[in-house]
Amino acid sequence: PHMPYQPPEPFRSRFSKGASGSQVEGSIRETTDMMVEELAPSHPDVIRLLELYDGHIAYADSLIRRSVQAFESTGRSDPPVILVTSDHGEEFAEHGQFNHSNSLYEEQLRVPLILIPPGKMHLDLPATRSPRPTMSVDVAPTIAQVADAPVPAAWSGRSLLEPMREAP
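In this text, residue positions in the sequence shown follow this note's numbering: the first is 12, and each later residue adds one.
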């Protein structure tokens with residue numbers, strides 16, 4: 012999800028708790044450009060932004076599901092690999108900021124990185140966490156390893172498949 016958070020229905024109202032921020036519905040950009048000190052995380056505008064953000068995440072999930080179903084309709088059981096990540100997180104007034112690229116708080120730094128290796132999609136396996144921190148530069152070497160392609164020595168990242176195998 013990225014600003015402006017404008018997921019289509021039914022995702023737009025899926026997480027709505029009745030908050031109707033006066034400025035959010037008119038212009039999300041104007042709301043996030045406001046002086047943040049004026050808006051606490053409990054302010055209706057912030058709550059509505061979070062509802063729209065959650066709706067946008069649900070919409071992205073539905074698109075991933077449709078992509079997997081389209082692949083499965085080709086007759087193959089599993090896609091070669093599924094990898095979902097993000098370039099950054101978002102702040103919603105937790106530290107006096109909105110959006111991203113203004114701080115180094117966890118809200119902006121911690122992002123999902125979901126990896127389902129080939130042949131593992133329909134197995135009932137527990138989720139595992141990498142025993143070491145992962146970074147975006149790890150994505151390309153991981154995909155290269157899945158594809159049995161060489162990983163250029165100049166690449167900074169490391170494949171995530173080995174840490175996944177080592178995880179408890």
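Don't be surprised by glycine CBs; every beta carbon is placed ideally from N, CA and C.
Spatially closest choice to residue i from the options, by CA coordinates
| i | options | result |
| --- | --- | --- |
| GLY100 | GLU83, VAL92, LEU61 | LEU61 |
| LEU172 | LEU94, PHE22, GLN80 | LEU94 |
| VAL79 | GLU102, GLU105, ASP159, GLY130 | GLY130 |
| ALA151 | TYR16, PRO18, PRO163 | PRO163 |
| ARG140 | THR153, ILE125, GLY86 | ILE125 |
| GLU105 | TRP166, SER53, MET14 | SER53 |
Own chain partners of residue i with C-beta closer than 6 Å, once the 5 adjacent residues on each side are dropped
| i | result |
| --- | --- |
| SER88 | none |
| MET46 | For MET46, the predicted model reports a pLDDT of 44, less than 50, meaning its position is unreliable; a value from the coordinates is still stated below. Contacts found: none. |
| GLN156 | SER170, LEU172 |
| LEU63 | TYR16 |
Neighbourhood of residue i by C-beta, 7 Å cutoff - its chain only, sequence neighbours within 5 removed
| i | result |
| --- | --- |
| PRO123 | VAL95, THR96, SER97 |
| PHE11 | The chain is shown from 12 up to 179; residue 11 falls before or after that span and cannot be answered. |
Beta-carbon separation (whole angstroms), residue i vs residue j, contact threshold 8 Å
| i | j | result |
| --- | --- | --- |
| PRO128 | VAL92 | 6 Å |
| ALA71 | PRO19 | Contact flag wrong, Cβ pair sits at about 12 Å. |
Alpha carbon of residue i to alpha carbon of residue j, nearest angstrom
| i | j | result |
| --- | --- | --- |
| ARG23 | ASP65 | 9 Å |
| VAL148 | LEU115 | 18 Å |
| SER38 | ARG25 | Any reading at SER38 must be qualified, since the residue scores a pLDDT of 49, below 50, and its modelled position is unreliable; the value itself is stated next. Roughly 20 Å between the two C-alpha positions. |
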